[in-house]
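Report on the structure given below.
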Amino acid sequence: MAAATGTYEIKNEHGEVINTSTGLSNKKLLMWSFLGSDVMFFGSFIATYLVYRNRSLVGPYPADILDIPITSVSTFVLLMSSLAMVLALSYIQQGRQKMGTFWIFSVVVLGAIFLLFQVYEFNHFGQVGLTPRTNLFGTTFFILTGLHGAHVTLGVLWLIFLGFGSIKGSLRADNAIDLEIAGLYWHFVDIVWIVIFTVIYLISARDVGPPG
Amino acid sequence: MQTTHPGPSREPISLSFPRIIPRPKSEYGIWSWISTVDHKRIGTLYAVTSFFWFLVGGIEALLMRVQLSQADSTLIDPEMFNQLFTMHGTTMVFLVVMPLSAAFFNWLIPLQIGARDVAFPRLNALSFWIFLFGSLFLNFSWLIGDAPNGGWFGYAPNSHVAFNPTNGMNFWVIGLNILGVASIAAGLNFIVTILNMRAPGMSLTKMPVFTWMTFVTSVLIVLALPVLTVALIQLQVDRLYGTHFYNTAAGGDPVLWQHVFWLFGHPEVYILILPAMGIVSEILPVFSRKPLFGYSFLVFAGVAIGFMGWFVWSHHMFTVGLGPAANSAFAISTMAIAIPTGIKIFNWIGTMWGGSIRFSTAMLFAISFIAMFTIGGLSGVMHASVPSDAQQQDTYFVVAHFHYVLFGGAIMAIFGGIYFWWPKTTGYMLSEKLGIINWLIMLIGFNLQFAPQHWLGLDGMPRRIFTYAENMGWENTNMIASAGGFLMAFSVLLFMINVVYSARKRVPAGDDPWDGRTLEWSISSPPPHYNFEKIPNVEHRDDFWFTKHPELIAEYYHDEHSGELTAPSGAQFDDDVAEEEDEHSEEHHGDDEHGHGGIHLPDMSYYPIILAAGLTIVGAGLMTAVPVIVIGTIVLLWGLLGWSFEPVNDPVPDSH
Ligand code: HEM
Ligand SMILES: [Cu+2]
Chain A
67 MAAATGTYEI KNEHGEVINT STGLSNKKLL MWSFLGSDVM FFGSFIATYL
117 VYRNRSLVGP YPADILDIPI TSVSTFVLLM SSLAMVLALS YIQQGRQKMG
167 TFWIFSVVVL GAIFLLFQVY EFNHFGQVGL TPRTNLFGTT FFILTGLHGA
217 HVTLGVLWLI FLGFGSIKGS LRADNAIDLE IAGLYWHFVD IVWIVIFTVI
267 YLISARDVGP PG
Chain B
6 MQTTHPGPSR EPISLSFPRI IPRPKSEYGI WSWISTVDHK RIGTLYAVTS
56 FFWFLVGGIE ALLMRVQLSQ ADSTLIDPEM FNQLFTMHGT TMVFLVVMPL
106 SAAFFNWLIP LQIGARDVAF PRLNALSFWI FLFGSLFLNF SWLIGDAPNG
156 GWFGYAPNSH VAFNPTNGMN FWVIGLNILG VASIAAGLNF IVTILNMRAP
206 GMSLTKMPVF TWMTFVTSVL IVLALPVLTV ALIQLQVDRL YGTHFYNTAA
256 GGDPVLWQHV FWLFGHPEVY ILILPAMGIV SEILPVFSRK PLFGYSFLVF
306 AGVAIGFMGW FVWSHHMFTV GLGPAANSAF AISTMAIAIP TGIKIFNWIG
356 TMWGGSIRFS TAMLFAISFI AMFTIGGLSG VMHASVPSDA QQQDTYFVVA
406 HFHYVLFGGA IMAIFGGIYF WWPKTTGYML SEKLGIINWL IMLIGFNLQF
456 APQHWLGLDG MPRRIFTYAE NMGWENTNMI ASAGGFLMAF SVLLFMINVV
506 YSARKRVPAG DDPWDGRTLE WSISSPPPHY NFEKIPNVEH RDDFWFTKHP
556 ELIAEYYHDE HSGELTAPSG AQFDDDVAEE EDEHSEEHHG DDEHGHGGIH
606 LPDMSYYPII LAAGLTIVGA GLMTAVPVIV IGTIVLLWGL LGWSFEPVND
656 PVPDSH
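In order, the protein sequence lines correspond to chains A and B. Residue numbers for the first sequence follow our numbering, beginning at 67 and rising by one. Residue numbers for the second sequence follow our numbering, beginning at 6 and rising by one.
See the structure below:
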């Protein structure tokens, strides 16, 4: 990070004193701004999904294929991972390395379980005849949930990286900010899933073909 | 860096990643540019690259003008013409105006806010390299004779495989997606820099207007580019993997593309113009020798434009048939956005009013910006009216409109900015004599080329056609327009001659050749590597000017305060903190900033260029073969991991 100017003194991730104008660290501001950007990204895909609701010309339609109970389980798993994330950050901030490491890897495992559910779901849909090339529902469903899955994957890799950092001692209380911004990202991806789950699974689960 | 402010003590960490190429240290030579993280050098790289694309885009335009100068011309076939106007538009928007603005952001923002670099120097370098590779990728399509041909707006399903099976539009979707990453990364960087790196005392209401407009632009970039990314991904998976977003046979909807594209597209036009508005807002007060008239209004209008720009996109779709309710709503919002635009124009005129004006080249460009932009704004308001737009849409009238705002507006302002800041960035002056001729010819050529297009458009000449019949009566007007085009090209040539000529003469500029107002004029020209020896303490808007003319503080600043619109209490609070802080910083600046050995700047890094190369190879792989994707991913991971493990500064054997 460049020599910072600014009015407020804060400590950076190397424990050095730097000055910023807002009192927030640069990294945190960066992550918040990026999440704003990502809102527009997912927002546009979700809008596309809604525009194309009930407009597939051939089946399978959502009512034929979506399995709400199974996806509720994976949604629950992802929600729990956010809880684990909160605990991980809190322990790392308190300097309790072992507990911190444990909870970071718990997030990783829960995230991976969510991804396995998604792999299973994609496979299953493929077997019963829904692919991205089948109809508008397939196109919008797979691209939206697939890109969300890509975000989760990225988060899992990032947390693995941080988890090893925590074991080796390069992630500690004084640079817990690195975990904190990964946490911001993780919670965000989690919230996006709640929206997707609501829009795709809860709202349109009974959708069949185009009206009339 | 590690040694100066020891925090809680901690042993060095053993994690590392093998260095394949040693970290460059020398400040000279090609490697120092490839691995630079200095915002000034990155600014120069942006400027040179985008000027090169300016010439390429200009040649594309001239070819079209030659073709259109006569009726029934057969010089260029329709397919070639499609490629030319697509690449001209795409180049001018994404490879010229945006990155030229980025060159100004890079050079000026840290200098104007009193910082030593941007918040994330390596990310900044990454943005540039991605931009460079993305632009090369896009233009590589010319070499294989298959350039994009679906317009800069890429209307689907015209751009869909069914109607457009060649590779051209693949270059377009992937190339623009790569460029989008660069823009978003740069936008994020400048948001953080402006929010967080301001010198003590520089509250938001004391920032220079150019800094403000950069901030608004960055926010727009960060929010609007993802929308384009979505449109491009949708088209890309359709084209490459056979999905159905825009496949009309499977129910895909052409109007959706227009909505998504223009939801990005209209904020994008403000991304193109707001930096230009910032530039003229810096030039005008300097050469009128008085402070900007109505700073708060000007800033507020800029923010308002950035906000309202999100609610007008369907004015690009008035003839689509969205129905009277939607059309009326968007007509009203479009007319409303002319209000903040008008406010700005009055402020600029008010700034000149009663000033003692010096007509330097920069000033002349700034004044022509106001005039030309106003004409473009007026034609804009004309097609905000739905019935008259029904006559104008897809005609040359629209072409005239957007060239008045984009060339007469953005490019004129950018040239003004180049003449204005050239002495600061290089240390020597550009010839004013050549400059004024450059300006005059550009202004005449521009109006010759684009004013007649208003008539052509109202007479019904459609845009995007490769030729027209003899009996339409459009030949003379088109001939005049083409002549104007060549005159503009000549003026650009004059500019290049001026650059070479002035570089030879090297008339030294001194630190402050124009009696400047903002902090960049308080340091040497060109600025030292570390910008500010001591971080300045800001008390007033235009702080540097008032330091030079303390007798004027009472005259100007007092009024400003009583008439202040933006909450003075906030600013007051910042001031207090700044004062306390001042004592602190005196202390520890005192310890560790003897000479510039104590100024911490990040070391050079070659990982940004590697990461950017990896990303571009992956993009190329999407169009060609899986192994290419694999190679790209490996390069990308190399860049990413190397970057993550690389300390910002290598530990130095230290004397402290
Ligand atoms: C007073 C402000 C403005 C108003 C009311 C306005 C209005 C409009 C309208 C209604 C159109 C659609 C015309 C049609 O296709 O029939 C349009 C097109 C366009 N405007 Fe503006 N505009 C304004 C300022 C600007 C600015 C500042 C820029 C860029 C710097 C700009 C760039 C463009 C471009 C590029 C197009 C054409 C897009 C295309 O079809 O390829 N406009 N404008
Ligand atoms: Cu528009």
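Here a beta-carbon is modelled for each residue, glycine too, at the ideal position from N, C-alpha and C.
Counting along the chain, the unbroken alpha helix (DSSP H) around W262/B starts and ends at 259-293. When 9 Å is used as the limit between beta carbons, F250/B is near these residues of chain A: T114, Y118, L202, T205, T206, I209, in chain order. In the three-state reduction of the DSSP assignment, P276/A falls in the coil class. Beta-bridge partners assigned by DSSP to T400/B: P467/B.
Set against 7 Å, the gap from the CB of V391/B to the closest heavy atom of ligand 2 is not smaller. The chain-ordered list of residues whose CB is nearer than 6 Å to some heavy atom of ligand 1 reads F158/B, V274/B, L277/B, I278/B, H320/B, H321/B, T339/B, I342/B, A343/B, T346/B, G382/B, G385/B, V386/B, H388/B, A389/B, D394/B, Q397/B, Q398/B, V403/B, H406/B, F407/B, V410/B, L411/B, G414/B, A415/B.
With 16 or more other Cβ atoms from the protein chains shown falling within 10 Å of its own Cβ, M174/B counts as buried.
Two segments are said to touch when three or more pairs of C-beta atoms, one from each, lie closer than 8 Å; by this definition the region 97-116 of chain B touches the region 33-51 of chain B.
When DSSP reads this structure, P513/B sits in a beta bridge with Y433/B.
Remark: the C-beta of H271/B is in contact range of ligand 2, defined as less than 7 Å to any heavy atom.
DSSP places S172/A in the uninterrupted alpha helix (DSSP H) bounded by 163-193. Taking 8 Å as the cut-off, the beta carbon of V391/B is found no closer than this to the beta carbon of Q397/B.
Here DSSP, grouped into helix, strand and coil, assigns M357/B to helix.
Residue-level contact by beta carbon fails for G215/A and chain B, as no gap is shorter than 8 Å. At a cut-off of 7 Å, the beta-carbon of V317/B counts as near ligand 2: some heavy atom of the ligand is closer than that.
A617/B has its alpha-carbon roughly 24 Å from the corresponding atom of F108/A. Counting every other CB atom within 10 Å of its CB across the protein chains shown gives T79/B a total below 16, marking it as exposed. Taking 8 Å as the threshold, the shortest C-beta distance from Y246/B to chain A falls below it.
Excluding its 5 nearest sequence neighbours in each direction, L132/A has C-beta neighbours in its own chain below 7 Å: Y267, A271, listed in chain order. The continuous stretches of alpha helix (DSSP H) do not include E651/B, and DSSP gives it neither H nor E. The residue from V143/A, Y251/A, G231/A with its alpha-carbon nearest to that of A216/A is Y251/A.
Straight through space, the alpha carbons of G360/B and K295/B are spaced by roughly 6 Å.
Using beta-carbon distances, Q239/B counts as an interface residue toward chain A, with a partner under 8 Å. By the Cβ test, the region 21-36 of chain B is not in contact with the region 447-464 of chain B, since fewer than three Cβ pairs between them sit closer than 8 Å. For the pair H554/B and R522/B, the Cα-to-Cα distance works out to about 10 Å.
Per DSSP, reduced to three states, the secondary structure at S140/B is helical. Just so you know, the alpha carbons of N87/B and N154/B end up roughly 5 Å apart.
Within the same chain, I118, G119, V543 come within 7 Å of M207/B by CB-CB distance, once the 5 residues on both sides are set aside. Inclusion of F323/B and G624/B in the CB contact set at 8 Å is not warranted, their separation being larger than that value. When the five nearest sequence neighbours on each side are left out, the beta carbons in the same chain lying within less than 6 Å of the beta carbon of N120/A are those of D273, P276, in order along the chain. Here G62/B is near H93/B, since their CB atoms are less than 8 Å apart. Annotation: F168/A has no Cβ neighbours in chain B at a cutoff of 7 Å; minimum Cβ distance is about 20 Å.
With the criterion set as a beta carbon lying under 7 Å from some beta carbon of chain A, the members of the region 185-218 of chain B are I189, L193, I196, V197, L200, N201, M202, R203, A204, P205, in sequence order. Cα atoms of W479/B and G270/B: separation of roughly 30 Å, rounded to the nearest angstrom. When 8 Å is used as the limit between beta carbons, T234/B is near these residues of chain A: F107, in chain order.
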